[in-house]
Amino acid sequence: MYGLTLEQTRVVRAVGACMICSSTVSGFESGIFAVDHCHDSGVVRGVLCQSCNFLLGNARDEVDVLLAAIKYLLKDHTTEPWNQGKSRREMVAGRKEQRLTDRLERTENALEVADRRVKELEAILAEVAEDTAVAACRRARDADAVERFIGEFISLAPRGSSRIPAGTLRTAWTDWAGGASCPVQSLHEALYKLGGVQRRSSTGLYWDGIALRSIPERPS
């Protein structure tokens, strides 16, 4: 097409960058740079990327047009009557900076809210842990009191012994515990372990299989 020898073609194809913009990407689907030539003389001038090849083609190889384009780009456009004030690049940079500032502020606010929530949860967990510890101490104290009460006043009843009304047992506990409320669950579990059975009759609840050795007096 251009009258090049094989060696000249190899040299042209060996060029790995555009001779105007120095881009190493041709921009063509083939990946090969365009062979640029003078449309008047047909002389090959070099290789160009797609953008620069179109640039010269659109300028019709007119040097005056390209020089005018250079002068246009170098001109101070801030004095033009249609100028928006700041250059577009500054305006875009300002908007981008503002977006980043707003995003950073939102992130900081979110972190502050999250930090407050974490502190609130830590306080709640501390209260729960404290309440749990108090409840555990109370259960241990109640269980110990029940065991001591049973050890002092309750024993297995011989077969045929009279049954103990549940109310009598509660009264005995109240007298011995100094008016404290009976931890019913702990007391019942201990009596079951001892061998007693709680039953119901027409007269109410009673315990079968255990004996109350004596009605304890309220401690002074």
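At position 118 of the sequence shown (counting the first as 1) the number is 118 in our numbering, and the numbers step up by one without a gap. Every residue gets a Cβ at the ideal spot worked out from N, C-alpha and C, and that includes glycine.
The segment 147-157 and the segment 189-198 touch, with three or more beta-carbon pairs separated by less than 8 Å. Positions of the beta strand (DSSP E) runs, each at least 3 residues long and wholly inside the segment 86-151, cannot be given because no such run exists. Contact annotation: the segment 198-205 does not touch the segment 142-153, with fewer than three C-beta pairs closer than 8 Å. For Ser-201, the enclosing beta strand (DSSP E) begins and ends at 197-201. Minimum Cα-Cα distance from Ile-32 among the listed residues Ala-69, Ser-23, Arg-106, Glu-112 corresponds to Ser-23.
It is roughly 8 Å from the alpha-carbon of Leu-56 to the alpha-carbon of Glu-62.
Straight across, the Cα-Cα distance linking Trp-176 with Arg-116 is about 49 Å. CA-to-CA, the gap between Asn-83 and Ala-68 works out to about 20 Å. One Cα belongs to Glu-80, the other to Gln-50, and the distance between them is close to 32 Å.
Within the same chain, Ile-154, Ser-155, Leu-156, Ala-157, Ile-164, Leu-191, Leu-194, Gly-195, Gly-196 come within 8 Å of Ile-210 by CB-CB distance, once the 5 residues on both sides are set aside. Around the beta carbon of Val-47, a 10 Å sphere encloses 16 or more other beta carbons of the protein chains shown; the residue is thus reported as buried. Short of 7 Å from the beta carbon of Val-35, and not among the five residues preceding or following it, lie these beta carbons of its own chain, in chain order: Tyr-2, Val-12, Val-44, Val-47. Only buried fits Cys-18, as 16 or more other CB atoms lie within 10 angstroms of its CB. About 7 Å separates the beta carbons of Trp-173 and Leu-187, which is inside the 8 Å limit, making them a contact pair. The bridge partners DSSP lists for Ala-34 are Leu-48.
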